[in-house]
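Chains as they are written, first to last, in my numbering: chain U, 1 to 362; chain P, 1 to 362.
For every residue, glycine included, the Cβ atom is placed at its ideal position computed from N, Cα and C.
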C-alpha cells in the first residue's frame with residue numbers, strides 16, 4: 001500500500017514543476033556527465049532490458065538509458081514537468097522505448113518487473129527531500145532479483161571546518177560599519193547567518209581533518225525505517241591549530257554493478273575516522289579497480305556541484321589546537337511535521353566543553 | 001489623514017525586519033558612500049538642524065547626520081529592525097540626538113517641523129516598493145519651507161539592449177542538452193526566464209543607444225497621484241546592427257541643495273533622446289559644477305550596485321539594423337491589488353511590426 005500523499009508532498013512536487021530547478025541540475029555537468037558515464041559503463045545490464053527512472057524530471061536519464069539500448073524505460077515523474085518530458089521523448093523519436101508516467105511512483109501501475117532502477121534522488125546532506133524512500137518503494141515492488149540499482153551506494157560525510165572569511169563577512173562586519181559600532185546587531189546576525197544549515201561551497205583548505213562517515217547506504221538493502229533517523233558518533237583529531245567554525249557535510253554515490261558487495265559489510269558504522277574506514281573497507285570489499293568505479297562526489301576537494309556542501313556553523317568559533325580532539329554525535333531525523341525536512345541534532349565537545357546545536361533543513 | 005496600512009504594507013515591512021536585506025544595502029558601498037558624501041557635502045544645511053530619516057533601517061543615515069552635527073534626528077522605521085537601530089544609537093552614545101520611532105511615518109507623532117528629510121526610498125526600476133509616497137507624506141506634513149530633501153531629484157531611464165549570452169544560456173541551451181533535443185522546453189523556458197522583469201547586471205556593451213528618461217522626479221514637488229501611473233513615449237535609433245533582446249531600466253538620484261531648480265523645468269518629458277534631453281536640461285538648469293553635484297547612479301556603465309539593472313526581455317529577439325528606429329511607449333502603474341507592485345505595459349515597434357508586453361514586478 002502506497003504511503004499517503006501529504007500536502008507537503010504536493011508542495012514538493014510543485015517545486016519541481018519549475019524549469020529553473022531542472023536547468024540547474026542539467027547544467028551541473030559533474031552530476032549529469034557522471035550519470036551518463038555510469039549508464040554507458042553499465043550498458044550490458046541496460047541494453048535490451050526494462051528500466052525504471054524514479055523522478056525522471058526532464059527525462060534525461062531515461063533518454064541516456066534508451067540510447068544505450070534499453071528495451072523499455074518507465075520514466076516516472078510526479079511533478080508537472082512530466083508533460084515536457086513526454087514531449088522531449090516524442091521529439092527524440094523515443095516514444096517506443098520510453099513511457100512517461102505522470103504521478104508518484106508509489107501510485108504507478110506497472111505490470112511487469114524491471115531489470116534496472118535508476119534515480120537521481122540525492123538531496124542536500126544526501127537525505128534532505130527523503131526521495132530515497134521512493135526508490136526503496138520501487139525496488140521492493142518492481143526490481144527483479146539480481147537487478148541493478150544506479151546509484152548503488154551512497155555515503156554521507158562530515159568534517160570539522162574553519163572558515164574565518166565567512167565569519168568575518170557575516171558577523172565581524174557589524175563591529176565596524178563605516179566607522180559605526182553596530183555590535184548591537186550581533187545576536188540577530190548570528191541567528192540569521194548561522195541558525196539554519198548553510199548550503200555553500202567550501203574548499204579543502206577549510207577542512208580541519210579527514211571526514212567521517214555519518215551514514216553509509218546500500219541501495220540494495222536500505223530500508224525506509226532506517227532512514228527515519230540516522231545517528232553517528234564521531235571523533236576527529238584536528239590536523240591544525242585554527243578556529244573551529246562548524247561542521248561541513250557532503251556525500252558521494254557509487255555506481256556499482258549488482259551484488260558487488262557480499263552484504264552489509266560496510267554498513268556497520270564503527271566510529272572510526274575516514275582514513276581508518278577506507279582502510280577497513282578496502283580490505284573487506286570487492287571494489288572494482290578505481291578507474292572502473294564511477295563515483296559522483298560532492299566533496300570540497302572535488303569539482304563543485306549544485307549540491308555544494310552543507311555547513312552547520314556555530315554562533316561563536318572555538319579555538320582548537322593541533323591534535324586536539326573534537327568529538328560528539330549527530331542525529332538526522334525526518335521531521336514529524338514534514339518528512340521532507342530534516343531535523344539536525346548536533347552535539348560537540350572540545351577541550352572539555354560540550355555544546356548542542358539544533359537546526360532544521362527546510 | 002494617513003493612508004490605511006494594508007496587509008501588503010505589513011508584509012512589506014516584515015521583509016525589512018530580516019537582517020540580510022540591510023546587510024546587502026550597507027555592503028553596497030556605492031549606495032552608502034554616496035549618501036555619506038552627500039550628507040557631508042550638505043553639512044551646513046544639517047548641522048544644528050532637525051532631520052527626519054524616512055525608513056531608517058539600521059539607522060546608518062541618521063548616524064551620518066548626527067555625526068555632521070544634526071541637533072535632532074527623527075529616525076522612523078516601520079519594520080522590527082527599529083529595535084536594533086535603537087540599540088545601535090544607544091551604543092554609539094547618540095541617544096540625545098537621534099530618536100528612533102518604530103512605526104509608519106504616516107502614523108508618526110512629531111511635534112515640530114523639520115529642516116531636512118533624508119531617505120533611501122529607491123526600489124528596483126526606481127518606483128518599485130512605492131516608498132517615495134512616504135517621503136512625500138513626510139515632506140507635506142513636516143518639512144519647513146525652504147527645507148532640504150536628500151536625494152532631491154531622481155531619473156528613471158530606459159534603453160534597448162542586446163544580450164545574446166543571456167539568451168543563449170536560458171533559451172538556446174534547451175536546443176541541445178548533452179546531445180538531446182529539448183526544444184520542447186522552449187515555451188516554458190521563455191516564460192520562466194523572461195515573463196517577469198529580470199533584475200541583473202548588464203554592461204554598457206549591452207546597450208544599443210543612448211537611454212531616454214521615463215520619469216524625472218523632483219522630490220520637492222512630486223505628488224503621490226503623479227506616481228500612480230507613469231507613461232513615457234520613446235524613440236531610439238540603434239547605434240549598431242544586433243539582435244534586440246529587450247529593454248533595460250535604471251535610475252540615478254541627485255543630491256542638490258534646496259531650491260536649486262527654479263521649478264518643474266525638467267519635469268516635462270518631451271520624447272527626446274537622452275542626449276537631446278541632457279542638452280536641453282543643461283541649458284535651462286542651474287546645475288552645480290559637476291564635481292560638486294553628488295549623484296548616485298545605477299547605470300550599466302557605472303559601478304554595480306545592489307539595484308543592478310532591471311531588464312524586460314522579449315520571448316524572441318528582433319534583428320535591428322544600424323540606425324533603425326525602435327519606438328513605442330511604456331506605462332508603469334502601481335498595482336491596484338498591491339500598490340507596492342508595479343504593472344508594466346510596454347509597447348514597442350520595430351521595422352513596421354508592433355508588439356505589446358505586459359509584466360508585473362512583484
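Put residue i into one of helix, strand or coil per three-state DSSP.
i                      : result
residue 235 of chain U : strand
residue 343 of chain P : strand
residue 9 of chain P   : helix
residue 39 of chain U  : helix
residue 281 of chain P : Summary for residue 281 of chain P: the model assigns pLDDT 38, below 50, so the residue's position carries little reliability; its value from the coordinates is reported in the next sentence. Reduced to three states, the DSSP call for residue 281 of chain P is helix.
residue 201 of chain U : coil
residue 175 of chain P : helix
residue 220 of chain P : coil
residue 335 of chain U : coil
residue 155 of chain U : strand
residue 144 of chain P : strand
residue 44 of chain U  : helix
residue 53 of chain P  : strand
residue 207 of chain P : strand
residue 292 of chain U : coil
residue 241 of chain U : coil
residue 138 of chain U : helix
Name the chain P residues whose beta carbon is nearer than 7 Å to that of residue i?
i                     : result
residue 26 of chain U : 177
residue 63 of chain U : 180
Who are the neighbours of residue i on chain P, taking C-beta pairs under 8 Å?
i                     : result
residue 36 of chain U : 178
Chain U partners of residue i, CB-CB under 9 Å?
i                      : result
residue 181 of chain P : 88, 91 and 92
Assuming contact is defined by CB atoms lying nearer than 8 Å, are residue i and residue j in contact in what I supplied?
i                      : j                      : result
residue 162 of chain P : residue 245 of chain P : yes
residue 201 of chain U : residue 322 of chain U : no
residue 55 of chain U  : residue 131 of chain U : yes
residue 13 of chain U  : residue 154 of chain U : no
residue 331 of chain P : residue 231 of chain P : yes
residue 79 of chain U  : residue 17 of chain U  : yes
residue 183 of chain P : residue 174 of chain P : yes
residue 122 of chain P : residue 253 of chain P : yes
residue 197 of chain U : residue 94 of chain U  : no
residue 24 of chain P  : residue 306 of chain P : yes
residue 125 of chain P : residue 211 of chain P : no
residue 256 of chain U : residue 152 of chain U : yes
residue 347 of chain U : residue 329 of chain U : yes
residue 147 of chain P : residue 109 of chain P : no
residue 178 of chain P : residue 32 of chain U  : yes
residue 236 of chain P : residue 356 of chain P : no
residue 338 of chain U : residue 128 of chain U : no
residue 156 of chain U : residue 249 of chain U : yes
In terms of residues, what are the limits of the alpha helix (DSSP H) holding residue i?
i                      : result
residue 224 of chain U : 224-228
residue 187 of chain P : 186-194
residue 27 of chain U  : 19-27
residue 168 of chain U : 164-170
residue 88 of chain U  : 81-91
Run through chain U and tell me which residues come within less than 8 Å of residue i, C-beta to C-beta.
i                      : result
residue 20 of chain P  : 192
residue 188 of chain P : 19 and 84
residue 58 of chain P  : 177, 182 and 185
In chain order, what residues of the same chain have a beta carbon less than 8 Å from the beta carbon of residue i, not counting five sequence neighbours either side?
i                      : result
residue 69 of chain P  : 43, 46, 47 and 48
residue 363 of chain P : This structure leaves residue 363 of chain P out entirely; chain P is present only between 1 and 362.
Using a Cβ cut-off of 9 Å, pull out every chain P residue sitting near residue i, in sequence order please.
i                     : result
residue 32 of chain U : 177 and 178
Taking the beta strand (DSSP E) that residue i falls in, what are its first and last residues?
i                      : result
residue 73 of chain P  : 72-77
residue 354 of chain U : 353-361
residue 116 of chain U : 114-119
residue 318 of chain P : 309-320
residue 61 of chain P  : Where residue 61 of chain P is concerned, there is no enclosing beta strand (DSSP E), although the alpha helix (DSSP H) it sits in stretches over 60-67.
residue 101 of chain P : 98-102
Leaving out five residues before and five after residue i in sequence, what residues of the same chain have Cβ atoms less than 7 Å from its Cβ?
i                      : result
residue 40 of chain U  : 68
residue 62 of chain U  : 53, 56, 73, 75 and 98
residue 92 of chain P  : 63
residue 105 of chain P : 54, 76, 134, 137 and 138
residue 317 of chain P : 167, 243, 244 and 245
Tell me which residues share the same chain as residue i and place their Cβ nearer than 6 Å to its Cβ, disregarding the 5 neighbours each side in the sequence.
i                      : result
residue 141 of chain U : none
residue 136 of chain P : 224
residue 301 of chain P : 204
residue 295 of chain P : 252 and 254
Could you name the residues of chain U that residue i contacts, counting a contact when the two beta carbons are closer than 7 Å?
i                      : result
residue 184 of chain P : 84, 87, 88 and 91
Looking at residue i and the ligand GDP, is the gap between the Cβ and the nearest heavy atom below 7 Å?
i                      : result
residue 293 of chain P : Because no ligand of any kind appears in the structure shown, any question about the ligand GDP cannot be addressed here.
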